[in-house]
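Student: Please see the structure below; I have some questions.
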Amino acid sequence: MEEVLTFCCPSCLQHSAVTVSLVHSRQHMVEDCQNCCEPIEFDVEVRSGEVVRFDYRGAN
């Protein structure tokens, strides 16, 4: 089970999306922005198959 979450890139301010697992309770990922290629750190917390926390910030 996965969910697509949208966010605004902290570097280029363009809207983008990231796919997260609804199976793992805590996730930490670093993904490059699809628009400007700058790295973004994501912290996600899932409970009972629902995202309860979605934080992100520039990885630089």
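In terms of the numbering used here, the sequence shown opens at residue 3 and continues consecutively.
Just so you know, even glycine gets a beta-carbon here, dropped at the ideal spot from N, CA and C.
#1: Between which two residues does the beta strand (DSSP E) containing His-30 stretch?
#2: Quick one: what's Pro-12 bridged to in DSSP?
#3: Quick one, which of Asn-62, Cys-10 and Glu-52 has its alpha-carbon nearest His-26's?
#4: What is the residue span of the beta strand (DSSP E) that Ser-50 lies within?
#5: Closer than 7 Å: is that where the CB of Ser-13 sits relative to any heavy atom of the ligand HEM?
Tutor: Taking the coordinates as given:
#1: The residue given as residue 30 occupies position 28 in the sequence shown. Per DSSP, the unbroken beta strand (DSSP E) holding His-30 starts and ends at 28–34.
#2: Residue numbering aside, residue 12 sits at position 10 when the sequence shown is read from its first letter. DSSP output for Pro-12 lists no bridge partner at all.
#3: Within the sequence shown, numbered from 1, the residue matching residue 26 stands at position 24. Closest in alpha carbon position to His-26, among Asn-62, Cys-10 and Glu-52, is Glu-52.
#4: One-based indexing of the sequence shown puts residue 50 at position 48. Segment: none, Ser-50 is in no beta strand (DSSP E) and carries neither H nor E.
#5: No copy of the ligand HEM occurs in the structure displayed, which carries no ligand at all.
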